[in-house]
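Numbering follows the numbering used here, with no gaps: position 77 of the sequence shown is 95. Each residue gets a CB set at the ideal place from its N, CA and C atoms; glycine is no exception.
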Amino acid sequence: MDMDLTKFHGIIPAFYACYDEQGNMSEPRTAALADYLYQRGVQGVYVGGSSGECIYHSVEERKQALAYAARALKGKMTLIAHVGAPSTRDSIELARHAAELGYDALSAIPPIYFKLPDSAVVGYWTAIMAATELPFIIYNIPQTTGYTLTPAVFRQLLANPKVIGVKNSSMPALDIERFKSAGGDRVVVFNGPDEQFVAGRIMGAAAGIGGTYAAMPELYLQADRLVREGRFEEAGKLQSKINDVIVALCSLDGSMYAAIKEVLRRRGVNIGGVRAPLEDVSPADAGRIDGIAAAIDALVKRYDEA
Ligand SMILES: CC(=O)N[C@@H]([C@@H](O)[C@H](O)[C@H](O)CO)[C@@H](O)CC(=O)C(=O)O
Numbered sequence: 019m020d021m022d023l024t025k026f027h028g029i030i031p032a033f034y035a036c037y038d039e040q041g042n043m044s045e046p047r048t049a050a051l052a053d054y055l056y057q058r059g060v061q062g063v064y065v066g067g068s069s070g071e072c073i074y075h076s077v078e079e080r081k082q083a084l085a086y087a088a089r090a091l092k093g094k095m096t097l098i099a100h101v102g103a104p105s106t107r108d109s110i111e112l113a114r115h116a117a118e119l120g121y122d123a124l125s126a127i128p129p130i131y132f133k134l135p136d137s138a139v140v141g142y143w144t145a146i147m148a149a150t151e152l153p154f155i156i157y158n159i160p161q162t163t164g165y166t167l168t169p170a171v172f173r174q175l176l177a178n179p180k181v182i183g184v185k186n187s188s189m190p191a192l193d194i195e196r197f198k199s200a201g202g203d204r205v206v207v208f209n210g211p212d213e214q215f216v217a218g219r220i221m222g223a224a225a226g227i228g229g230t231y232a233a234m235p236e237l238y239l240q241a242d243r244l245v246r247e248g249r250f251e252e253a254g255k256l257q258s259k260i261n262d263v264i265v266a267l268c269s270l271d272g273s274m275y276a277a278i279k280e281v282l283r284r285r286g287v288n289i290g291g292v293r294a295p296l297e298d299v300s301p302a303d304a305g306r307i308d309g310i311a312a313a314i315d316a317l318v319k320r321y322d323e324a
């Protein structure tokens, strides 16, 4: 697919599930998160992925989430829709919905729950791609799906011109280098592990999609700029500061996403809580979350002046 892939380069936060007080999808709160990200200058958003709690949503709710984000951001930034659902049928329905909403690309995890052979996985992704004319980004996340994309299967998928890249969330930065080597200039590799964003960008990723980006988009934008300018030592030091925040977010009781949503409240954006079985953070941790939000603000201020 001959297209300008640069619209997929840079910092693309995973968009979160924005709930009202009853825990239902909220368009006003979606718009608030969208504006918060737009004001900070991110390249695009990845809607309905892992960080979007998609796995706990009905197909109808996933359609709402895609529609609310598109209504807030279409024309303002690059929009990628995660449409992977347990069944191929539901994934195709979501893919068609995203295409109607004007998304720039689709993406999908492999099939989950049953362990399926590569032939079934390739068939699932191929069926989703066939449902629309949109470009497609493979989502490799073995930690949560149990399926590991190999360079050989990636090369097989590259035979489909709609494949424009892979969002690689596996931990080895080697995987990013191998997928980039396999796809060359025809693909964009998206760095998935936020803790290794700088390493991934140096080893072949032109972009990053991450679950912690929206908690501190300014810092990832700064890290990306430092990499682009070849200031790798400074980028590495900033990565270490970002990782201190990630470790703190993951050290609280409750889901990391609940902690991030509490941090966002302190940054002026209320998008509700998380959906069970994800657990809320404990009220006893309010002080620690205050500290995390303050640390982010201090880093943003410090690097704003750098
Ligand atoms: C295994 C996993 O969830 N990886 C995350 C990371 O952003 C992860 O949350 C971060 O590195 C913190 O560990 C992303 O790669 C996935 C993601 O952003 C998404 O689809 O929401």
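> Roughly how many angstroms lie between the CA atoms of CYS72 and VAL139, to the nearest whole one?
Replying inline: To locate residue 72, count along the sequence shown from 1; it is residue 54. To locate residue 139, count along the sequence shown from 1; it is residue 121. Taking the straight line from one Cα to the other gives about 19 Å.
> So, is the C-beta of ARG80 closer than 8 Å to a C-beta in chain B?
Replying inline: Among the chains in the structure shown there is no chain B, since it carries only a single protein chain.
> Beta-carbon separation of LEU244 and GLU236 under 8 Å?
Replying inline: For the purposes of this step, residue 244 is identified with residue 226 of the sequence shown, where counting begins at 1. For the purposes of this step, residue 236 is identified with residue 218 of the sequence shown, where counting begins at 1. Judged by their CB atoms, LEU244 and GLU236 are not nearer to each other than the 8 Å cut-off.
>> Whole angstroms are fine: how far does the CA of GLY210 sit from the CA of ILE155?
In response: Position 137 of the sequence shown holds residue 155. Position 192 of the sequence shown holds residue 210. Roughly 13 Å separates the two Cα atoms.
> Does the region 172-183 touch the region 102-119, meaning 3 or more C-beta pairs lie closer than 8 Å?
Replying inline: No, they do not touch.
>> Tell me whether the region 52-70 and the region 257-267 touch, counting them as touching only if at least three CB pairs, one residue from each stretch, are closer than 8 Å.
In response: Contact annotation: the region 52-70 does not touch the region 257-267, with fewer than three C-beta pairs closer than 8 Å.
> In the structure shown, what three-state DSSP assignment does SER105 receive?
Replying inline: For this step, residue 105 is matched to residue 87 along the sequence shown. SER105 carries a coil assignment under DSSP once its states are collapsed to helix, strand and coil.
> What separation, rounded to the nearest whole angstrom, lies between the Cα atoms of ILE332 and SER44?
Replying inline: As shown, the chain starts at 19 and ends at 324. That puts residue 332 outside it, with no answer to give.
>> Among GLY286, VAL292 and GLY201, whose alpha-carbon lies nearest the alpha-carbon of GLU39?
In response: By 1-based counting over the sequence shown, the position of residue 39 is 21. Measuring from the Cα of GLU39, the nearest candidate turns out to be VAL292.
>> Out of LYS25, MET21, THR24 and GLN82, which one is the CA nearest neighbour of CYS36?
In response: One-based indexing of the sequence shown puts residue 36 at position 18. With distances taken between Cα atoms, CYS36 lies closest to GLN82.
> Among GLU247, ALA32 and THR230, which residue has its Cα nearest to the Cα of ILE310?
Replying inline: Working through the sequence shown from its first residue, we reach residue 310 at position 292. In terms of CA proximity to ILE310, THR230 leads the group GLU247, ALA32 and THR230.
>> In the DSSP output, which residue or residues are listed as bridge partners for ILE209?
In response: What you label residue 209 is simply residue 191 of the sequence shown in a count that begins at 1. Looking at the sequence itself, residue 209 is Asn, so the reference to Ile does not match. For ASN209, which the question treats as bridged, DSSP gives the partners ASN186 and GLY226.
> For LEU296, which of helix, strand or coil comes out of DSSP?
Replying inline: Here residue 296 refers to the residue found at position 278 of the sequence shown. Collapsing the DSSP output to three states places LEU296 in coil.
> Which stretch, first to last residue, makes up the alpha helix (DSSP H) that contains PHE197?
Replying inline: As a first step, residue 197 is located in the sequence shown; it is residue number 179 there, counting from the start. Looking at the DSSP string, the run of the alpha helix (DSSP H) that includes PHE197 is 191-201.
> Where does THR162 land, buried or exposed, given buried means 16+ other C-beta within 10 angstroms?
Replying inline: For this step, residue 162 is matched to residue 144 along the sequence shown. So THR162 counts as exposed.
> Is any heavy atom of ligand 1 found at a distance shorter than 7 Å from the C-beta of GLY202?
Replying inline: In the sequence shown, the residue the question calls residue 202 occupies position 184. GLY202: no, Cβ never under 7 Å from ligand 1.
> Name the DSSP bridge partner or partners of PHE33?
Replying inline: Here residue 33 refers to the residue found at position 15 when the sequence shown is read from its first residue. Paired residues: none, contrary to the question.
> Could you check where the alpha helix (DSSP H) with THR162 kicks off and where it finishes?
Replying inline: For the purposes of this step, residue 162 is taken as residue 144 along the sequence shown, with counting starting at 1. THR162 -> alpha helix (DSSP H) spans 160-163.
> Taking DSSP as the reference, what is the three-state secondary structure of HIS100?
Replying inline: Looking up residue 100 in the sequence shown gives position 82. In the structure shown, HIS100 sits in a strand (DSSP, three-state: E or B).
> Excluding five sequence neighbours on each side, which residues of the same chain lie with their C-beta closer than 6 Å to the C-beta of ASP303?
Replying inline: Indexing the sequence shown from 1 puts residue 303 at position 285. Taking C-beta separations shorter than 6 Å and ignoring five residues to either side along the sequence, the partners of ASP303 in its chain run LEU270, following chain order.
>> Could you pull the DSSP bridge partners for VAL139 from this structure?
In response: Along the sequence shown, read from residue 1 onward, the residue named residue 139 stands at position 121. Answer is none; VAL139 lacks a bridge partner.
> Hey, would you say ALA233 sits closer than 8 Å to ILE314, going by beta carbons?
Replying inline: Your numbering for residue 233 matches position 215 in the sequence shown. Your numbering for residue 314 matches position 296 in the sequence shown. Result yes, Cβ atoms of ALA233 and ILE314 sit closer than 8 Å.
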